[in-house]
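Chains A and B, in that order, give the protein sequences.
Heads up: the first sequence begins at 92 in this note's numbering, then just goes up one per residue.
Heads up: the second sequence begins at 827 in this note's numbering, then just goes up one per residue.
Just so it is clear, CB atoms sit at the ideal spot from N, CA and C, and this is done for glycine as well.
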Amino acid sequence: MGILEVKGINKRFGGLQALGDVNLSVEENTVHAIIGPNGAGKSTLLNVLVGKLIPDSGSVMFDGQSVLGRKPHEINQMGISRVFQTPEIFTDLTVFENVMIPCFAKRDGAFRMHAIESITSEKGIRAQAEEMLADVNMLEKRDMLTSSLSRGDKRRLEMAMCLVQDPKLLLLDEPTAGMARADTENTINLLKEIRTKRGITMAIIEHDMNVVFSLAERITVLAQGTPLVEDIPENIKGHPKVREAYLGEAQV
Amino acid sequence: MLGLEKKDFRLLLVVIGLTLFAPIILNPFPAGSEMAQFNAGYPDLMQRFVIFGIFAIGFNILFGLTGYLSFGHAAFLGVGSYSAVWMFKLLSMNVLPAIILSVIIAGLFSLLIGFISLRRSGIYFSILTLAFAQMSFALAYSVLTPITGGETGLQLALDDPRILGASQTASGNIPVPSLFGLEMRASYEMAVGAWSFTFNAGYYLAAVILVLAFYLAIRIFRSPFGMMLRAIKSNQTRMSYTGLNARPYTLAAFVISGMYAGLAGGLMASMDPLAGAERMQWTASGEVVLMTILGGAGTLIGPVLGAGMIKYFENIFSKINSQVLHDWFGFLPDGLEDFVVTLIYPFVGKGWHLTLGIVFMLVVIFLPGGLVQGGQKIAAAMRRRKKTDDANPGATKPAE
Chain A
92 MGILEVKGIN KRFGGLQALG DVNLSVEENT VHAIIGPNGA GKSTLLNVLV
142 GKLIPDSGSV MFDGQSVLGR KPHEINQMGI SRVFQTPEIF TDLTVFENVM
192 IPCFAKRDGA FRMHAIESIT SEKGIRAQAE EMLADVNMLE KRDMLTSSLS
242 RGDKRRLEMA MCLVQDPKLL LLDEPTAGMA RADTENTINL LKEIRTKRGI
292 TMAIIEHDMN VVFSLAERIT VLAQGTPLVE DIPENIKGHP KVREAYLGEA
342 QV
Chain B
827 MLGLEKKDFR LLLVVIGLTL FAPIILNPFP AGSEMAQFNA GYPDLMQRFV
877 IFGIFAIGFN ILFGLTGYLS FGHAAFLGVG SYSAVWMFKL LSMNVLPAII
927 LSVIIAGLFS LLIGFISLRR SGIYFSILTL AFAQMSFALA YSVLTPITGG
977 ETGLQLALDD PRILGASQTA SGNIPVPSLF GLEMRASYEM AVGAWSFTFN
1027 AGYYLAAVIL VLAFYLAIRI FRSPFGMMLR AIKSNQTRMS YTGLNARPYT
1077 LAAFVISGMY AGLAGGLMAS MDPLAGAERM QWTASGEVVL MTILGGAGTL
1127 IGPVLGAGMI KYFENIFSKI NSQVLHDWFG FLPDGLEDFV VTLIYPFVGK
1177 GWHLTLGIVF MLVVIFLPGG LVQGGQKIAA AMRRRKKTDD ANPGATKPAE
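And the structure:
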């Protein structure tokens, strides 16, 4: 039984079957990659997992509880954090504030009226945020506004914001999309470091095969909304069905 | 100090100083002099400065922090005024229960309107609040006449029941609002040479409340709650994927700002015990938006400055008529004098809106951070100049 169990998910957009009978099981303490050609339904699946889309049928169980019908913030409180294709961070706030916010969310839940206390008196939260920033080598940038950060730093910050919540599952939506080679390498290293240091379960959607094969411990291949195969990376590389799916796309 | 950072505490002290000495600061011209009409230090106007300051401080907690632009906040001010007048009619002429009730009623009213309006964001939220405020205005003006007094407004009468207090004074007049016997209109005139300063009880009550309201706003700005509100303005997607529910945060901000508006409305009625529907009209809601943006949305002191500036324009700048202009430019040759006066006239007196509009446009285009940003730029420029002077002290000396 995996920490995330997806069973028989169907989702139609008008005449398009975006997801057809998707089953997926993410084991605890693994990096599970979901790959597939454009339009395979990877993003749709991810949006179902985080509560942004509600599927037409099927079930999604996380850590023994159903995810369906819950709002994104409720699903996050259950222990699923998400990293976006373009980093979603709080742009008018400082780096330090950006990391403090998830700390508050973790400690106080979805809402708490702490309107009179001063932020400066929150010693525990501050220490936690500082430690996290030190972990991703951004401590010296703590008072910068995040709008002035480089793309790579924004990505690191977003990871830090997710990690500081100590999620049970980290979802990554094409974390290296549109990145230069050096940035991609940095991101891979950062993810590997997170993996070895914290042992966090990750589900990663990715286009770049280099990224996939250097990180993933299990791979699911999606094509036209249906899982083709699920296996360890070594077996995926030469799998005829996978080649067909990708080559089929190349021919179009 | 008082749980504030040094910088914020200094700002609070500045506000306390300004409000304390406002009757003196705002009366720079000797009484009886030609310029005396530009003195703003009379009770009625000073009360308006601080009351609208409170209104704008509260509005800024919603708009400045969360970015939700409400076009209906005057409704809460109006509700506060009505509540206060009813308290005067039914309970007592003491302003304290009246002000407390106006805050509570405005809070409940804003909870209702906020709950519905906050289902949407952006322009749709603004339109919803506008619609609610106009609805309240229309109701107050017509259907709810028994409660609001309709067109004439809600006034005190000689036969008000007033449980704790008399319906009439011994001389058969309507009693005036007071704080445990201290009448709000009580004033003490002080003459210093040619100058005369008026210290008014009502003004000082409002000023004390302004200082408290300002202090509370600082605490909210510097709290985790305030940070969450700024996070909502910045990125709602990240907010929800961080496990935070934006709705209760925005609703809390909405209700707090509604209560500030109710407080302002209650104070307004305490200074002058009547309430009219026009206080709820959309122009009144728009005014507080202007005040906040003019002074600097999201800054602490900005809304107070904006409120002061707009009220000064409305009451003082509007007094400059053609006679005053002719007096000023009398030293010019006749033809030129007329020409200059004709040129300036549309911008002053009744045309004060025009000047205010131009100032507003300039601020929005060149100083998106409002007057506060202007002040910061000047301060930064002065610091820079001082630094270069320090760096090469001989530079300004003439060569020998």
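Best match in the options for proximity to residue i [C-alpha to C-alpha]
| i | options | result |
| --- | --- | --- |
| G1177(B) | I1204(B), G933(B), N1147(B) | N1147(B) |
| A131(A) | C194(A), G111(A), R246(A) | G111(A) |
| A910(B) | F958(B), A1090(B), S1083(B), L852(B) | A1090(B) |
| V905(B) | G933(B), A882(B), G884(B), G890(B) | G933(B) |
| D147(A) | A124(A), G155(A), Q108(A) | Q108(A) |
| Q168(A) | E222(A), L261(A), P318(A), K133(A) | L261(A) |
| E1104(B) | D834(B), P923(B), M961(B) | M961(B) |
| E1015(B) | P854(B), P869(B), L916(B) | P869(B) |
| E308(A) | T237(A), M235(A), I210(A), D322(A) | D322(A) |
| L769(B) | I877(B), R988(B), I973(B) | The displayed coordinates of chain B run from 827 to 1226. Any statement about residue 769(B) would go beyond what the structure contains. |
| Y1075(B) | M1106(B), A1057(B), A1205(B) | A1057(B) |
| D244(A) | L137(A), T278(A), V117(A) | T278(A) |
| S157(A) | N101(A), M293(A), I94(A) | I94(A) |
| M827(B) | G890(B), Y1041(B), G879(B) | Y1041(B) |
| L184(A) | A1027(B), G1196(B), R1064(B) | R1064(B) |
| G976(B) | A966(B), L982(B), A983(B) | A966(B) |
| G979(B) | L891(B), W912(B), Q1062(B) | W912(B) |
| V333(A) | V303(A), V97(A), P128(A) | P128(A) |
Cα-Cα separation between residue i and residue j, rounded to whole angstroms
| i | j | result |
| --- | --- | --- |
| L159(A) | L888(B) | 33 Å |
| F1025(B) | L837(B) | 24 Å |
| V929(B) | L903(B) | 9 Å |
| K871(B) | D1098(B) | Before going further, note that residue 871(B) is Leu rather than Lys in the sequence given. Distance between the alpha carbons of L871(B) and D1098(B) is about 12 Å. |
| L895(B) | V1114(B) | 11 Å |
| K133(A) | H123(A) | 13 Å |
| A882(B) | K1213(B) | 36 Å |
| L1077(B) | A1017(B) | 49 Å |
| R946(B) | T955(B) | 10 Å |
| F864(B) | A857(B) | 10 Å |
| L844(B) | G1124(B) | 21 Å |
| N189(A) | N114(A) | 35 Å |
| A1101(B) | I973(B) | 11 Å |
| L236(A) | W1108(B) | 36 Å |
| D1153(B) | G829(B) | 53 Å |
| H205(A) | F1023(B) | 43 Å |
Beta-carbon proximity list for residue i, same chain, < 7 Å, skipping 5 on both sides
| i | result |
| --- | --- |
| K82(A) | Look at the range of chain A in this structure, 92 to 343, and you will see that residue 82(A) is not part of it. |
| E265(A) | Q176, I296, E297, H298 |
| R1011(B) | V1002, G1028 |
| P258(A) | G170, I171, S172, I291 |
| F304(A) | P324 |
Residue i, DSSP secondary structure in three states
| i | result |
| --- | --- |
| N920(B) | strand |
| E96(A) | strand |
| Q981(B) | strand |
| L383(A) | Past the edges of chain A, shown from 92 to 343, lies residue 383(A), and the structure says nothing about it. |
| I1184(B) | helix |
| P178(A) | coil |
| E325(A) | helix |
| I171(A) | strand |
| V1115(B) | helix |
| M252(A) | helix |
| S241(A) | coil |
| R301(A) | Reading off the sequence, residue 301(A) comes out as Asn, not Arg. Three-state result, N301(A): helix. |
| E1226(B) | Low per-residue confidence applies at E1226(B): pLDDT is 44, beneath 50, and the placement is therefore not dependable enough to give any value. |
| K1212(B) | helix |
| Q108(A) | strand |
| I291(A) | coil |
| V1002(B) | coil |
| F1023(B) | strand |
| N138(A) | helix |
Residues near residue i in its chain [Cβ-Cβ closer than 6 Å; skip 5 each side]
| i | result |
| --- | --- |
| F1173(B) | L1180, T1181 |
| M1054(B) | Y1075 |
| D834(B) | I1044 |
| G884(B) | S1083, Y1086, A1087 |
| A901(B) | A959, S962, M1106 |
Own chain, CB closer than 8 Å to residue i, minus 5 neighbours either side, in chain order
| i | result |
| --- | --- |
| D985(B) | S993 |
| Y1029(B) | A848, P849, P869, M872, Q873, V876 |
(request) Report yes or no: do the region 1118–1136 of chain B and the region 935–954 of chain B share at least 3 C-beta pairs separated by less than 8 Å? (result) Verdict: no, contact absent.
(request) Specify whether the region 171–179 of chain A and the region 1057–1076 of chain B touch according to this definition: at least 3 beta carbon pairs, one from each stretch, less than 8 Å apart. (result) Output reads yes: the region 1057–1076 of chain B touches the region 171–179 of chain A.
(message) Three Cβ pairs or more, each shorter than 8 Å: is that satisfied between the region 915–922 of chain B and the region 978–993 of chain B?
(response) Here the region 915–922 of chain B lies against the region 978–993 of chain B, with 3 or more beta-carbon pairs under 8 Å apart.
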